[in-house]
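Residue 4 is where the sequence shown starts when you use the numbering used here, and the numbers rise one by one after that. The structure appears below as structure tokens.
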Amino acid sequence: MNEHIQKPKRKKRIQVNILIRMVLSLIIALAINSLLVQLFKKISSITEWHWFRNFFPYLLTPLFMVTFIFTFLVLTRRIVRDLITLEQGLQFISEGNLHYRVPVVRQDELGRVAHNINRMTERLEQQIVKEREIEKSKMELITGISHDLRTPLTSIIGYIELLRTDSYQDKDEYTRFVQNTYNKAIHLKKLLDDLFEYTRLTSVDTHLNLRRINLFQLLDQLLFEFEPIAQENGVYIVKDIGDSSIITSVDSDKMARAIDNLLMNALKYSLKPGGICIRLQATPEQITIEVENEGIPLTQDQKEKLFDRFYKVDHSRSSEGIQTGAGLGLSIARNIVELHQGTLTLNHTNNTFIFQLILPTDRSSSS
4 MNEHIQKPKR KKRIQVNILI RMVLSLIIAL AINSLLVQLF KKISSITEWH WFRNFFPYLL
64 TPLFMVTFIF TFLVLTRRIV RDLITLEQGL QFISEGNLHY RVPVVRQDEL GRVAHNINRM
124 TERLEQQIVK EREIEKSKME LITGISHDLR TPLTSIIGYI ELLRTDSYQD KDEYTRFVQN
184 TYNKAIHLKK LLDDLFEYTR LTSVDTHLNL RRINLFQLLD QLLFEFEPIA QENGVYIVKD
244 IGDSSIITSV DSDKMARAID NLLMNALKYS LKPGGICIRL QATPEQITIE VENEGIPLTQ
304 DQKEKLFDRF YKVDHSRSSE GIQTGAGLGL SIARNIVELH QGTLTLNHTN NTFIFQLILP
364 TDRSSSS
């Protein structure tokens with residue numbers, strides 16, 4: 004965390020300062036007392052005030068004490084003033100004014116106390132901001148879940164109600180209702196799976212099951228399974244992945260999920276008919292997977308929010324043949340890639356979209 008509070012450089016002990024002032028007060032009190040004694044002798048020699056001569060010795064000690072205390076208070080007034088400032092600052096902070104900072108005007112223990120109070124206040128302020136962000140994030144999560152789960156669940160309830168009340172005309176309509184119910188249930192399961200995967204990836208105890216695999220074979224297998232789905236939606240696949248083995252250490256299940264999310268996102272938002280180009284390149288420093296497609300251009304605001312959870316671009320851009328997700332696909336993909344110490348970015352020019360997945364090369368691997 005960056006420190007915005009200047010830390011006292013020199014370490015002066017406040018005890019030394021107080022001791023010096025106490026000694027000065029003692030010297031000044033003794034000097035004043037000596038002057039009074041000399042003055043008393045002169046007065047005694049000039050006058051014949053016997054009562055004054057007898058009473059004066061009893062005044063010496065009280066006068067010495069008063070002089071010492073008064074001098075000591077004068078010499079330590081700055082320390083007292085700084086203590087009062089410290090107390091007032093703590094009062095302001097305790098009342099909830101976390102923007103207030105205690106002035107650091109000393110280089111001794113009081114200065115370090117003020118510095119530490121400011122550090123504590125700054126960290127407390129940051130912690131409160133973080134907790135508010137977490138609370139806001141939880142509310143957005145609940146809102147997003149409620150919104151995305153309600154639609155398929157409402158449809159399932161509607162179709163089951165139609166089936167329960169025999170509100171269908173013939174066997175074909177009955178079959179269509181059953182199939183629609185099944186499709187909505189599968190959609191609901193996918194939304195829940197995405198949510199579960201996202202919460203698991205963003206938890207603090209997420210662990211990767213790293214294994215040395217052939218990334219070329221993994222990508223080739225995913226494209227083999229993806230190509231029929233793409234053809235059904237009027238999209239052809241262009242593969243530029245070479246034929247060389249690329250051995251690296253990754254969590255194969257999670258990496259397959261990330262790549263599949265990128266492919267499905269390209270399929271949803273590609274212009275139909277159209278194509279999706281997949282490229283795979285490897286250098287001694289990094290491995291790059293690119294998924295390119297053409298679609299309706301995004302605004303700058305849409306581009307900046309594309310990897311945010313629950314963010315979905317205008318439904319008019321989505322494929323009508325593919326059910327919309329929870330807006331977690333790209334967020335899940337980026338989390339998986341970042342867990343592998345990689346990056347996932349979007350290069351967007353006009354109507355061309357290139358999602359670039361970069362992983363660091365496993366130095367112990369060989370092609």
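Backbone N, C-alpha and C define an ideal beta-carbon position, used for all residues, glycine too. Treat the numbers as computed from the prediction; the structure is a model and nothing was measured.
The C-alpha of Glu176 lies about 28 Å from the C-alpha of Gln234. Lys275 sits in coil when the DSSP states are folded into three classes, being neither helix nor strand.
In the DSSP assignment, Ser252 is bridged to Arg215. Between Thr286 and Thr364, the C-beta gap is smaller than 9 Å, which places the two residues in contact. About 19 Å separates the Cβ atoms of Gly332 and Lys275, ruling out a contact at the 8 Å cut-off. Annotated three-state conformation of Val105 is coil, per DSSP.
The C-beta separation of Asp111 from Ile17 comes to about 5 Å, placing the pair in contact by the 8 Å criterion. With a cutoff of 9 Å on beta-carbon distance, Ile96 and Thr64 are scored as not near each other. In the three-state reduction of the DSSP assignment, Gln305 falls in the helix class, which pools H, G and I.
DSSP, read as helix, strand or coil, puts Arg282 in strand. In the three-state scheme derived from DSSP, where H, G and I count as helix and E and B as strand, Phe358 is classed as strand. Using a Cβ distance threshold of 9 Å, Leu360 and Ile250 do not count as a contacting pair. Straight-line measurement puts the Cα of Glu128 at about 14 Å from the Cα of Leu93.
Selection Ser247, Asn354, Thr154 evaluated against Gln303 yields Asn354 as nearest (Cα-Cα). In the three-state reduction of the DSSP assignment, Pro287 falls in the coil class, being assigned neither a helical nor a strand state. Less than 9 Å divides the Cβ of Leu213 from the Cβ of Ser252. Between Glu297 and Phe356, the C-beta gap is smaller than 9 Å, which places the two residues in contact. When the five nearest sequence neighbours on each side are left out, the beta carbons in the same chain lying within less than 8 Å of the beta carbon of Leu152 are those of Leu191, Leu194, Leu195, in order along the chain. The residue from Phe229, Phe43, Asp173 with its alpha-carbon nearest to that of Gly278 is Phe229. The stretch 102 to 111 and the stretch 62 to 80 do not touch, with fewer than 3 CB-CB distances between them shorter than 8 Å. Secondary structure at Pro363: strand, using DSSP grouped into helix, strand and coil.
Separation of Leu342 and Gln224 (C-alpha to C-alpha, rounded to the nearest whole angstrom) is 23 Å. DSSP places Thr348 inside the beta strand (DSSP E), whose first and last residues are 346 to 352. The beta-carbon separation of Leu226 and Ile216, rounded to 16 Å, does not stay under the 8 Å limit for a contact.
One Cα belongs to Ile159, the other to Ser149, and the distance between them is close to 15 Å. Residue range 238 to 243 is occupied by the beta strand (DSSP E) that includes Ile240, with no alpha helix (DSSP H) assigned at that position.
Gly245 places its beta carbon less than 9 Å from that of Leu283. The C-alpha of Ile21 is placed about 22 Å away from the C-alpha of Leu66. By the criterion of a C-beta distance shorter than 8 Å, His102 is surrounded in its chain by Glu128, once the five residues flanking it on both sides are discounted.
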